[in-house]
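To start, the structure itself, in structure tokens.
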Amino acid sequence: MTMAPNRSGGNREIVATLEEIAKLLEAEDANPFRVRAYRRAARVIDGLSESVRDMLARGADLTALPGIGADLAAKIREIAETGASRMLASLRGEVPGGVADLLQVPGLGPKRARLLQHDLGISGLSELVQAAREHRVRQLHGFGARSEQRILEAVQAHVERNRRFDLRIAGETAGTLLRHLHRGAANGAYTVAGSYRRCRDTVGDLDVLATARIPAAVIRAFTSYPDIDQVLSAGTTRASVVLRNGMQVDLRVVRPDSHGAALIYLTGSKAHNLALRLLARSNGLKLNEYGLFRGTTRLAGETEEAVYGALGLTWIPPELREDRGEIAAARRGELPMLVKTADLQGDLHVHSSASDGAADLRTMAREAARYGLHYLAITDHSPRVAVAHGLDAGRLRAQADEIDRVNAEGGGAVLLKGVEVDIGEDGSLDLPDDVLGRLDLVVGAIHSHFDLPADRQTVRILRALDHPHFTILAHPWGRLIGRRDICHFDLERVLRALAQRGSFIEANAQPNRLDLWDIGCQQAKAAGVLVSIASDAHGPADFGNLPLGVGQARRGWLGPSDVLNARPLAEVRTLLRRTM
DNA sequence: GCCGTTTTCGGCCCGACTGTTTTCAGTCG
Numbered sequence: 001m002t003m004a005p006n007r008s009g010g011n012r013e014i015v016a017t018l019e020e021i022a023k024l025l026e027a028e029d030a031n032p033f034r035v036r037a038y039r040r041a042a043r044v045i046d047g048l049s050e051s052v053r054d055m056l057a058r059g060a061d062l063t064a065l066p067g068i069g070a071d072l073a074a075k076i077r078e079i080a081e082t083g084a085s086r087m088l089a090s091l092r093g094e095v096p097g098g099v100a101d102l103l104q105v106p107g108l109g110p111k112r113a114r115l116l117q118h119d120l121g122i123s124g125l126s127e128l129v130q131a132a133r134e135h136r137v138r139q140l141h142g143f144g145a146r147s148e149q150r151i152l153e154a155v156q157a158h159v160e161r162n163r164r165f166d167l168r169i170a171g172e173t174a175g176t177l178l179r180h181l182h183r184g185a186a187n188g189a190y191t192v193a194g195s196y197r198r199c200r201d202t203v204g205d206l207d208v209l210a211t212a213r214i215p216a217a218v219i220r221a222f223t224s225y226p227d228i229d230q231v232l233s234a235g236t237t238r239a240s241v242v243l244r245n246g247m248q249v250d251l252r253v254v255r256p257d258s259h260g261a262a263l264i265y266l267t268g269s270k271a272h273n274l275a276l277r278l279l280a281r282s283n284g285l286k287l288n289e290y291g292l293f294r295g296t297t298r299l300a301g302e303t304e305e306a307v308y309g310a311l312g313l314t315w316i317p318p319e320l321r322e323d324r325g326e327i328a329a330a331r332r333g334e335l336p337m338l339v340k341t342a343d344l345q346g347d348l349h350v351h352s353s354a355s356d357g358a359a360d361l362r363t364m365a366r367e368a369a370r371y372g373l374h375y376l377a378i379t380d381h382s383p384r385v386a387v388a389h390g391l392d393a394g395r396l397r398a399q400a401d402e403i404d405r406v407n408a409e410g411g412g413a414v415l416l417k418g419v420e421v422d423i424g425e426d427g428s429l430d431l432p433d434d435v436l437g438r439l440d441l442v443v444g445a446i447h448s449h450f451d452l453p454a455d456r457q458t459v460r461i462l463r464a465l466d467h468p469h470f471t472i473l474a475h476p477w478g479r480l481i482g483r484r485d486i487c488h489f490d491l492e493r494v495l496r497a498l499a500q501r502g503s504f505i506e507a508n509a510q511p512n513r514l515d516l517w518d519i520g521c522q523q524a525k526a527a528g529v530l531v532s533i534a535s536d537a538h539g540p541a542d543f544g545n546l547p548l549g550v551g552q553a554r555r556g557w558l559g560p561s562d563v564l565n566a567r568p569l570a571e572v573r574t575l576l577r578r579t580m
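Note that the working numbering has the first sequence beginning at 1, numbered continuously upward.
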């Protein structure tokens, strides 16, 4: 499973450096536990909700972090203070450029990559392909014609498949596959586990758990799925395939009495599982995908609750299983009560057909109510977003009158008057203050100039927040998954400013945005800024995306009290007025 | 490289699958 890039604002550079060190050490065939130590440190830094620079500034001791000792603490400090690492520089000199790329090829690990480099002088993917075509690879000890062929296929596939999918595509893909499995092996029970179950913002592959008494029937049904491009492996209890859309699916079959243990194993994360197994081991027990064992005696396995319970833990929601302190919290019985979709009372970022939405106000109000929402902020675009037919002051005034009429009719969610105002390159807003002041809320967002340097981008956003009626900063990072990378700015400074002004930040629930995502939600909570989980709906069906935003909030350990729109309308009105 | 009320050295999660082997190493999740 690969890390998504750019996950945690100020610590990105440290995480990237540590991961590159790990990769180069691995290419050198260094002690695997040493490699693991760097990877673990990268993960720990990645999961921090505070920047290392700030921690050092307040005199924090980095060795207090799990898996970080004196040596790594010094290296991390060096990166934070100088922006560079002498160790990385020297490793780059030692390892021929491109050798580390060999490790990205599925089927090539450190041992065989090193052999290719040492015996054939191969130091890159193109050289690897050439050597395989000339049948020089099969001459090496431990390689054969079959592995030579697989290497060629893998390099090809690697180029095409090295991507992650958004949750809508993952969900649709999983749904179609599960319907096929039910038809082919109807007596099995199926669960999509992995990062999809943990509500990661994107997924690299699908992990499916099947519980069945006759595993062979399930494997047969799985590998005969028509949408398969390639079967990577198929044994008696597990199989891996690549689908035509490029997504890899791993299926695991266990008997019903192992369902809980297997579900934990397959849900991950890897780091969480590792920590659980260490905990088991420290109690003289063994945890695997079949259960929790003392010697050969199974103590638990049928349900997740039983396995966690036998380890002295309360059940841990999948969204928290990242080894970011959830195990210690579960041991103390202090896991937070996480926000649920049912907690959402309203939605504070929605479009109508007045701009680029698909439905009129009445339809949106009615459908929102059907979805269980009590209030809905209509926030169409401002004039500068011309492709979306942005509203000027006159049309906004007319819309306000229409909202009054719809609210008077009743029968749907209460509509609030808002706008999604564009933030200009200089931090100005696209509508005058007096127009914005007549609204219930002002959602501000960036729609252009995503590539400003971080300091200018930060100043731009801070200026926008300074407008007297600014309420909610929407989809702050501006990313579109798979299409547009995040813009760079200092989230911590922005959060401090939002907290001072009594303003809010959005966790946008569109599957191709999910922005903020988990760490950002956690940082908002730490800064004391309430999060608005918003559908950004452009039609009634988009309310169905709200659970995806809730997933990010849950991954950020947010409870109902941390979420602006988990509060009743009267309270939200009071909070909104405070910013006006 | 980290870590320790059994340990400051010698461990470091655990099992499935593949290919090249004749009992297993390498890789993956």
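Yeah, the Cβ is synthetic: ideal placement off N, Cα and C, and Gly gets one too.
Can you tell me which of the three DSSP states G109 falls into? Taking the first sequence and counting its residues from 1, the one referred to as residue 109 is at position 109. G109: coil per DSSP, three-state reduction.
Span of the beta strand (DSSP E) around E289: In the first sequence, residue 289 corresponds to position 289, counting from 1. Per DSSP, E289 belongs to no beta strand (DSSP E) and is neither H nor E.
Presumed contact (8 angstroms Cβ cut-off) between R219 and A234, rounded CB distance: Mapped onto the first sequence, residue 219 falls at position 219. Mapped onto the first sequence, residue 234 falls at position 234. It should be pointed out that residue 219 corresponds to Ile in this sequence rather than to Arg. So it is a contact: roughly 6 angstroms between Cβ atoms.
Anyone know if the C-beta pair for R244 and L209 falls short of 8 angstroms? Here residue 244 corresponds to residue number 244 of the first sequence, with the count starting at 1. Here residue 209 corresponds to residue number 209 of the first sequence, with the count starting at 1. Against a cut-off of 8 angstroms, the Cβ pair of L209 and R244 comes out as no contact.
Mind checking whether V419 and V385 have CB atoms under 8 angstroms apart? Taking the first sequence and counting its residues from 1, the one referred to as residue 419 is at position 419. Taking the first sequence and counting its residues from 1, the one referred to as residue 385 is at position 385. In this structure, V385 does not lie closer than 8 angstroms to V419 by Cβ.
Tell me the residue span of the alpha helix (DSSP H) that contains Q248. Here residue 248 refers to the residue found at position 248 when the first sequence is read from its first residue. Run containing Q248: none in the alpha helix (DSSP H); it sits in the beta strand (DSSP E), Q248 to V254.
Where D597 sits in the DSSP three-state scheme: Nothing can be reported for residue 597, as the shown portion of the chain is limited to 1 through 580.
Based on the DSSP output, what are the partners of Y375 in its beta bridges? If you number the first sequence from 1, residue 375 lands on position 375. Paired residues: G346 and V414.
Could you name each continuous alpha helix (DSSP H) segment of 4 residues or more that falls completely within the segment 138-222, going from the start of the chain to the end? 145-161, 167-184 and 194-197
Can you give me the Cβ contacts of A31 inside the same chain, cut-off strictly under 6 angstroms, excluding the 5 residues immediately before and after it? Walking along the first sequence from the start, residue 31 turns up at place 31. What sits at residue 31 in the sequence shown is Asn, not Ala. There are no such residues.
Helix, strand or coil: how does DSSP classify N273 here? The residue given as residue 273 occupies position 273 in the first sequence. N273 falls in the helix class under three-state DSSP.
How would you label H141, buried or exposed, when you count the other beta carbons within 10 angstroms and need 16 or more for buried? Here the question's residue 141 lines up with position 141 in the first sequence. So H141 counts as exposed.
Along the chain, where does the beta strand (DSSP E) containing T363 start, and where does it finish? Position 363 of the first sequence, counted from the start, is the residue given in the question as residue 363. First-last for T363: L361 to R370, but that is the alpha helix (DSSP H), not the beta strand (DSSP E).
Suppose you measure from the CA of L120 to the CA of V137; what does that come to, to the nearest Å? Along the first sequence, read from residue 1 onward, the residue named residue 120 stands at position 120. Along the first sequence, read from residue 1 onward, the residue named residue 137 stands at position 137. Rounded to the nearest angstrom, the two C-alpha atoms are 8 angstroms apart.
Alpha carbon to alpha carbon, how far is P511 from G268? Give it in angstroms, no decimals. For the purposes of this step, residue 268 is taken as residue 268 along the first sequence, with counting starting at 1. For the purposes of this step, residue 511 is taken as residue 511 along the first sequence, with counting starting at 1. Looking at the two C-alpha atoms, the distance is approximately 22 angstroms.
Could you tell me the distance, in whole angstroms, from the CA atom of A170 to the CA atom of V249? Along the first sequence, read from residue 1 onward, the residue named residue 170 stands at position 170. Along the first sequence, read from residue 1 onward, the residue named residue 249 stands at position 249. Roughly 10 angstroms between the two C-alpha positions.
Would you kindly work out how many angstroms separate the C-alpha atoms of P69 and R40, rounded to a whole number? Counted from its first residue, the first sequence places residue 69 at position 69. Counted from its first residue, the first sequence places residue 40 at position 40. In the sequence on display, residue 69 carries Gly and not Pro. Distance between the alpha carbons of G69 and R40 is about 12 angstroms.
Need the endpoints of the alpha helix (DSSP H) that G309 sits in, please. Within the first sequence, numbered from 1, the residue matching residue 309 stands at position 309. E304 to A310 is the extent of the alpha helix (DSSP H) around G309.
Between the CA atoms of S224 and H180 - distance to the nearest angstrom: As a first step, residue 180 is located in the first sequence; it is residue number 180 there, counting from the start. As a first step, residue 224 is located in the first sequence; it is residue number 224 there, counting from the start. If I take the Cα positions, the gap works out to 9 angstroms.
Please list, in chain order, all residues of the same chain as K286 whose beta carbon is under 7 angstroms from its beta carbon, the five residues on each side excluded. Residue numbering aside, residue 286 sits at position 286 when the first sequence is read from its first letter. Here the set comprises A280 and F293.
Cα-Cα separation, G59 to G502: One-based indexing of the first sequence puts residue 59 at position 59. One-based indexing of the first sequence puts residue 502 at position 502. The straight-line gap from Cα to Cα measures roughly 29 angstroms.
D581: which of C521, D515, K340 and G539 sits nearest, CA to CA? It is not possible to answer for residue 581, since the shown part of the chain is limited to 1 through 580.
Between which two residues does the alpha helix (DSSP H) containing A454 stretch? Taking the first residue of the first sequence as position 1, residue 454 is located at position 454. First-last of the alpha helix (DSSP H) with A454: A454 to L465.
For V99, three-class secondary structure by DSSP: Walking along the first sequence from the start, residue 99 turns up at place 99. Three-state result, V99: helix.
Per-residue burial, H488 [other beta carbons within 10 Å of its own, 16 or more giving buried]: One-based indexing of the first sequence puts residue 488 at position 488. H488 should be labelled buried.
Compute the Euclidean distance between the alpha carbons of R63 and T236, then round it to the nearest angstrom. Start at 1 with the first residue of the first sequence, and residue 63 comes out as number 63. Start at 1 with the first residue of the first sequence, and residue 236 comes out as number 236. The question names Arg, but residue 63 is Thr in the sequence shown. Cα to Cα, the separation comes out at about 45 angstroms.
Option in G437, S561 and M55 with minimal Cα separation from D343: Against the first sequence, residue 343 aligns to sequence position 343. Out of G437, S561 and M55, S561 has the C-alpha closest to the C-alpha of D343.
On the three-state DSSP scale, how would you describe A80? Counted from its first residue, the first sequence places residue 80 at position 80. Residue state, collapsed to three classes: helix.
For A300, list the residues DSSP reports as bridge partners. Reading the first sequence from its first residue, position 300 is the one you call residue 300. L292, per the DSSP bridge assignment.
Drop a sphere of 10 angstroms on the beta-carbon of S8, count the other beta-carbons inside from all chains shown, and report buried for 16 or more, exposed for fewer. Position 8 of the first sequence, counted from the start, is the residue given in the question as residue 8. Model confidence at S8 stands at a pLDDT of 43, short of 50, so the residue's coordinates are unreliable; what they give is reported in the following sentence. By the neighbour-count rule (16 or more Cβ atoms within 10 Å), S8 is buried.
For a quick check, are the C-beta atoms of L414 and H374 less than 8 angstroms apart? Within the first sequence, numbered from 1, the residue matching residue 414 stands at position 414. Within the first sequence, numbered from 1, the residue matching residue 374 stands at position 374. Position check: residue 414 holds Val in this sequence, whereas Leu was assumed. Contact: yes.
Given that a residue counts as buried once 16 or more other Cβ atoms are within 10 Å of its Cβ, and exposed if not, what is V563? Stepping through the first sequence from its first residue, residue 563 is reached at position 563. With 16 or more other Cβ atoms within 10 Å, it is buried.
Return the bridge partner residues of Q230 from the DSSP annotation. Within the first sequence, residue 230 is the residue found at index 230, counting from 1. DSSP lists V242 as partners of Q230.
I need the boundaries of the beta strand (DSSP E) containing I316, first residue and last residue. Position 316 of the first sequence, counting from 1, holds the residue named residue 316. Note, I316: premise wrong, no beta strand (DSSP E); not H, not E.
Output the boundary residues of the beta strand (DSSP E) element that contains I505. Within the first sequence, residue 505 is the residue found at index 505, counting from 1. Element bounds for I505: F504 to N508.
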